[in-house]
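Residue numbering for the sequence shown follows my numbering, beginning at 3 and increasing consecutively.
All C-beta atoms in this analysis are idealised placements derived from N, C-alpha and C, irrespective of residue type, glycine included.
Note that the structure is a prediction, hence the values are computed from the model and not measured.
The structure under discussion appears below in the form of structure tokens.
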Amino acid sequence: MSKKILITHQKGGVGKSTLTFNLAQNISENASVAILDLDLQGSLSQVKELASGFDIIPYKGKINEIQNLEYDFVFIDTPPYLSNQLPELIQLVDLIIIPTKAGVLDLLAIKSTIELIENENKADKTLIVFNMIKANTTLTLDILIGLEEYNILIAKTHISDLVAFTRSVLVGGVQDDKNAQKQLDNLTKEILTKLI
């Protein structure tokens, strides 16, 4: 039975697809992995030939067919506008990752995503990941306090806004950048621990 991981946020521009690609790449070294690309624009599907060690599948079927995918891990990359299908997806998956930037507007936008998750009683299966964090900045106390009201686990690992992540999809990962790889390894460990 595969572990299904939903990467979602109702706001665009938070780095969902890039994070999904890198997590799949990282985990594929020790497991069979696929990314299911639910975005109609097919951002990841367009680069599937650049994926090494894992599959990228453009999604065209019914949501319940996700159960039939025979991989150890299936990452589901969603577009921001998918709210009508999200409740069903949330019920099907083992873990939900919400990547977010550390800004006030991102904090406001995360509310609708979290409400959908809470309505499906999956808050305990959710992990917020601070993504695309600018160098030499600290998360403001206001952002962390704003997220505390939701009772959703926040990943200890923050993913920086590094060039290595930006170009990772074109070069098949971040292995050439020790800092980026360390962040990715640490986040991968947190995710695997949450899945156990």
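Measure from the alpha carbon of residue i to the alpha carbon of each residue in the options, then state which is nearest.
i      : options                     : result
Ser47  : Ile68, Asp126, Ile78, Asn70 : Ile78
Ile119 : Ser4, Met3, Leu8            : Leu8
Thr168 : Ile112, Val16, Phe75        : Val16
Ile29  : Leu42, Met3, Leu40, Phe56   : Phe56
Tyr152 : Lys64, Thr128, Ser4, Thr80  : Thr128
Thr22  : Ile58, Glu31, Leu42         : Ile58
Val165 : Leu38, Thr115, Ile135       : Ile135
Measuring only the C-alpha atoms, how far is residue i from residue j?
i      : j      : result
Tyr83  : Asp178 : 34 angstroms
Gln93  : Lys124 : 8 angstroms
Leu109 : Asp163 : 18 angstroms
Tyr61  : Thr80  : 10 angstroms
Lys5   : Leu91  : 13 angstroms
Ile112 : Leu25  : 21 angstroms
Ile154 : Ile145 : 14 angstroms
Leu42  : Lys13  : 16 angstroms
Rounded to whole angstroms, how far is the Cβ of residue i from the Cβ of residue j, which I believe are closer than 8 angstroms?
i      : j      : result
Tyr73  : Ala104 : No, Tyr73 and Ala104 are not in contact; Cβ-Cβ is about 32 angstroms, not under 8 angstroms.
Lys196 : Leu97  : 6 angstroms
Ile130 : Leu143 : Incorrect: roughly 16 angstroms between the Cβ atoms, too far for contact.
Ile65  : Val76  : About 12 angstroms; that fails the 8 angstroms criterion.
Starting from residue i, trace the beta strand (DSSP E) both ways and give me its first and last residue.
i      : result
Phe75  : 75-79
Lys180 : Segment 180-197 is the alpha helix (DSSP H) holding Lys180; no beta strand (DSSP E) there.
Ile98  : 97-102
Could you pull the start and end residues of the alpha helix (DSSP H) that residue i belongs to?
i      : result
Ile147 : 143-150
Lys64  : No alpha helix (DSSP H) contains Lys64, which DSSP labels as neither H nor E.
Val165 : 165-173
CB of residue i to nearest heavy atom of the ligand MN: below 7 angstroms?
i      : result
Ile116 : As presented, the structure is devoid of all ligands, the ligand MN included, so that no description of it is given.
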